[in-house]
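Sequential numbering from 0 applies to the sequence shown in numbering that gives the first Met the number 0. Quick reminder that beta carbons are idealized off the backbone N, C-alpha and C, glycines included. Quick notes on the structure that follows.
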Amino acid sequence: MSQNDPSKGGAFPAELLRTRPGISAAGLLEAVAAAREARVIWAELPYAERAGRLKRAGRFLAEHVDDLTGIIHRENGKLALDALATEVLPALMALDYYISRGRRLLASRPVRGGNLLMFNKRSRLVYQPWGVVGIISPWNYPFAIPFSEVFMALLAGNGVVLKVASDTLEVGRALAAVFAAADLPAGLFVHVEMPGKEAGPAFIEAGLDKLFFTGSSAVGRELMALAAPRLLPLVLELGGADAAIIRADADLDRAATGILWSGFSNAGQSCGGAQRILVRREVYEPFLAKLSALVRALRPGTGPDADLGPLISLRRKRIVEEQVAACCSRGAVIAAQSPVLTDDERFLSAMILTGVTGDMPVMTDEIFGPVVAVLPVGDDEEALSIANDSPYGLTASVWSRDRRRAKELAVRINAGAVMINDHLMSHGLAETPWGGFGASGLGKTHGEPGFREMLKVQVVVDDILPGVKRNLWWQPYSDAVFRGIRAITDLLAGPSPGKRLRAIPRVLKLFFRYWEK
0 MSQNDPSKGG AFPAELLRTR PGISAAGLLE AVAAAREARV IWAELPYAER
50 AGRLKRAGRF LAEHVDDLTG IIHRENGKLA LDALATEVLP ALMALDYYIS
100 RGRRLLASRP VRGGNLLMFN KRSRLVYQPW GVVGIISPWN YPFAIPFSEV
150 FMALLAGNGV VLKVASDTLE VGRALAAVFA AADLPAGLFV HVEMPGKEAG
200 PAFIEAGLDK LFFTGSSAVG RELMALAAPR LLPLVLELGG ADAAIIRADA
250 DLDRAATGIL WSGFSNAGQS CGGAQRILVR REVYEPFLAK LSALVRALRP
300 GTGPDADLGP LISLRRKRIV EEQVAACCSR GAVIAAQSPV LTDDERFLSA
350 MILTGVTGDM PVMTDEIFGP VVAVLPVGDD EEALSIANDS PYGLTASVWS
400 RDRRRAKELA VRINAGAVMI NDHLMSHGLA ETPWGGFGAS GLGKTHGEPG
450 FREMLKVQVV VDDILPGVKR NLWWQPYSDA VFRGIRAITD LLAGPSPGKR
500 LRAIPRVLKL FFRYWEK
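Right, dumping it as structure tokens:
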């Protein structure tokens, strides 16, 4: 393993940073065609062969942990610890998980019969790769998010065309180098670089079989509209304005520390980070005091001892500042903030807003920066009402020593992932599906549901009754056939036991039609 200091940026092998920069729409069509041809060979390989080659990518990743950490840190701006703990480490865990379970997830399985009257039908679900899938990934987790999706797609037998965010092109090139180590068939995996505004329409028109997009809800809606004429299947992982419920019996020290991490790690640029903190009134003041003290103690910077890094860009900083200003103009108060670092204009203080109301951006919109709102609630029902009063439904959390009650509340929150006494971290668990409701998107990534998204589901129905000439309901029709079918409905759902019993002879008479010539 490289011994480079991750905070220095890493010395990733430059000769392995393969890419197709500046690809045109026509070039994308060619790339998809090449991937489609290559995936025929790839999908026919035994599972053990595909898994074995992808393990090589895992070994390459493990050998360059520090280099990859440094590239993510340097280009995205997130602290080296965040890059290592929330990007590289989850990728290593994910590849082991999917390889160990992929064979079972790809295997066909029988479908249990639904009714004795169809005893002669045997059904199986068969899972087939889509063909060529497109993946458009974001800048906030530029390595971990696309890694799992590319890995699952390839393991399932698909070809892949990946486009990373324009703000993190070098991370995309490093990701491409990782998969180049797998010795994949030429053209099977293609990493392209093109402007974000061009990518959506180009990917929709490129002849892909399915598209995975992670980004803003606004762009997700645009992609749905573009995909509609083709009925192109989409998986959309979009924004969030996640709620955290702090009950009166919560461990306030753990809750404050957990909210600090989930709300302010990666400079708050996590769609699944805590944003709306709903605290029982009995513990509101002590919780706010604990969280405020932690926020004021955050150390901005880029080195190994820093707690809070910069935002991705000045543009992002301006957007967050405008959202905070809109909240304050309506009566919100900045109750606490971290120290300001003036050496880099991209830094923004972590902030706690209080005195918020339901019409403020921090309650209605996604704040993609280091800002949380803390507000008191009278009871669990009020907390649930506010938590669910949002167009988003990505993640949430419940903090309580009473785990039974916490679980009861968790299942009533309209969110795709709910954690108890933790927040945000479920994205790092390969076994847990990731995906939300409403404006937070469609479909799942990660876990078995995410792997299934890489496969088409086909049912094969076999008739096992020997010598059958016709089904009961086939032509030629007759009154006798009608009465026989009607007898089946009486047998299944007759209003009395007597009527169901009297239907049996008529059903048996119809049964012999199977062998009529």
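Each of Ser399, Gly69, Ala47 and Leu471 was checked against the Cα of Ile244, and the nearest Cα belongs to Ser399. Secondary structure of Pro128 (DSSP, three-state): strand. According to the DSSP assignment, Val460 belongs to the beta strand (DSSP E) that extends over Leu454 to Asp462.
Residues Gly158, Pro184, Ala185, Gly186 and Leu187 of the same chain have their beta carbon placed closer than 7 angstroms to that of Ala37, with the five preceding and five following residues left out of the count. If you keep only unbroken beta strand (DSSP E) runs of at least 3 residues inside the region 267-349, you get 273-279 and 332-336. Glu430 sits away from Gly442, with the two beta carbons spaced by 8 angstroms or more.
In this chain, the alpha helix (DSSP H) harbouring Ile385 covers Asp379 to Ala386. DSSP places Glu236 in the uninterrupted beta strand (DSSP E) bounded by Leu233 to Glu236. Judged by pairs of C-beta atoms under 8 angstroms, the region 146-166 touches the region 41-53, as three or more such pairs exist.
Exclusion of the five residues before and after Ser425 leaves Gly271, Thr394, Ala416, Met418, Thr431 and Trp433 as the residues of its chain whose Cβ lies within less than 8 angstroms of its Cβ. If you draw a 10 Å sphere on the C-beta of Thr488, you find fewer than 16 other C-beta atoms in it, and that means exposed.
If you keep only unbroken alpha helix (DSSP H) runs of at least 4 residues inside the region 122-208, you get 143-154, 168-179 and 195-204.
Counting every other CB atom within 10 Å of its CB across the protein chains shown gives Ile40 a total below 16, marking it as exposed. It is roughly 17 angstroms from the alpha-carbon of Ile484 to the alpha-carbon of Asn119. When DSSP states are grouped into helix, strand and coil, Ala56 belongs to the helix group. Note on Ile503: under 16 other CB atoms within 10 angstroms of its CB, so exposed under the neighbour-count rule.
Counting of Cβ neighbours within 10 angstroms places Glu321 among the exposed residues, the total staying below 16. Approximately 43 angstroms separates the beta-carbon atoms of Val170 and Glu284; this is outside 8 angstroms, ruling out the contact. By the beta-carbon neighbour count (other beta carbons within 10 angstroms, threshold 16), Pro200 is exposed. Annotated three-state conformation of Met359 is coil, per DSSP.
Close CB contacts of Lys162 within its chain, under the 6 angstroms cut and outside five residues either way in sequence, are with Ile135, Val191 and Ala198 (chain order). The alpha-carbon separation between Leu235 and Ser215 amounts to approximately 9 angstroms. Look at Lys498 here: in three-state DSSP terms it is helix. Note: Pro109 is bridge-paired with Arg123 in the DSSP secondary-structure output.
In the three-state DSSP reduction, Ser215 falls in the coil class, being neither helix nor strand. Under the DSSP assignment, Thr431 falls outside any beta strand (DSSP E); it carries neither an H nor an E label.
In this structure, Thr167 is the residue among Glu344, Thr167, Gly219 and Val376 with its C-alpha nearest to the C-alpha of Pro145. Taken atom to atom, the span from the alpha-carbon of Leu60 to that of Asn139 is near 20 angstroms. Residue pairing by DSSP puts Met418 in a beta bridge opposite Ser396.
Minimum Cα-Cα distance from Val31 among the listed residues Leu88, Tyr96 and Gly130 corresponds to Gly130.
The beta carbon of Glu515 sits closer than 7 angstroms to those of Lys468 and Arg469, all from its chain and outside the five residues before and after it, given in chain order.
For Gly69, the three-state secondary structure derived from DSSP is helix.
Cβ-Cβ distances below 7 angstroms link Ala409 to Val397, Val417 and Ile419 in the same chain, with the five nearest sequence neighbours on each side left out; the list follows chain order. Just so you know, the alpha carbons of Arg220 and Val132 end up roughly 19 angstroms apart. Using a Cβ distance threshold of 8 angstroms, Ala93 and Ser147 count as a contacting pair.
Around the beta carbon of Asp342, fewer than 16 other beta carbons lie within 10 angstroms, which makes this residue exposed.
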